[in-house]
Structures are given as structure tokens and as C-alpha cells.
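Student: Residue numbers (this note's numbering): 1327 to 1392. C-beta atoms are modelled at their ideal positions from N, C-alpha and C, and glycine is treated no differently. Computed from a predicted model, the values in this text were never measured in an experiment.
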Amino acid sequence: MHVLRAQLSEDIYKKPIITWIIGSVVVNVIIWYILLYKGVKNLKKWIFTFILITFISLYFIIVQND
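(1) Is Ser1383 near Trp1346, with beta carbons less than 8 Å apart?
(2) Out of curiosity, what's the CA-to-CA distance linking Asn1354 and Tyr1385?
(3) Here's a check: name, in chain order, each residue in its chain whose Cβ is nearer than 6 Å to the Cβ of Met1327, leaving out the five neighbours to either side.
(4) Please report the distance separating the alpha-carbon of Gln1378 from that of Ser1350.
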């Protein structure tokens, strides 16, 4: 797991867009798996959290490449 994380960290500098897309997809899959597994009780809160995480990820990538 740590090797994979280190590899992704290196790739952020080489291929920021691709890395961000892959990271977003992974996060999305995890979030939707949790949603489906636990059942959607508070959908608005989940959507807000999902949007927030996406924007934080995008901001982080932009700052890293500044």
C-alpha cells in the first residue's frame, strides 16, 4: 500500500490530470460503495461531502503544480 502511495505521489508531478482522475474515481467508488452498503439515509449530506472532497482534491493538485 505504501509503495502504491509513493508511486502515485511521484506520478502527481508527471501526470497531474491523470492522477487526479484516477484518485477521483477511487474516492467515488469508495463513497458509493459505503452509500450502497450502509443504505442512503442522509443523501444531501453525502452529496455535499462528495462535492467537498472533490474540490479539496482538485485544489490540492492545482497547488502542487503551481
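Tutor: Looking at the atomic coordinates:
(1) Indexing the sequence shown from 1 puts residue 1383 at position 57. Indexing the sequence shown from 1 puts residue 1346 at position 20. Cβ distance < 8 Å, so Ser1383 and Trp1346 count as in contact.
(2) Residue numbering aside, residue 1354 sits at position 28 when the sequence shown is read from its first letter. Residue numbering aside, residue 1385 sits at position 59 when the sequence shown is read from its first letter. Answer to the nearest angstrom: the Cα atoms are 17 Å apart.
(3) Numbered from its first residue, the sequence shown carries residue 1327 at position 1. For Met1327, the predicted structure reports a pLDDT of 49, less than 50, and the residue's modelled location is therefore unreliable. The matter cannot be settled from this model.
(4) In the sequence shown, residue 1378 corresponds to position 52, counting from 1. In the sequence shown, residue 1350 corresponds to position 24, counting from 1. A quick correction: the sequence has Leu, not Gln, at residue 1378. Whole-angstrom Cα-Cα distance: 12 Å.
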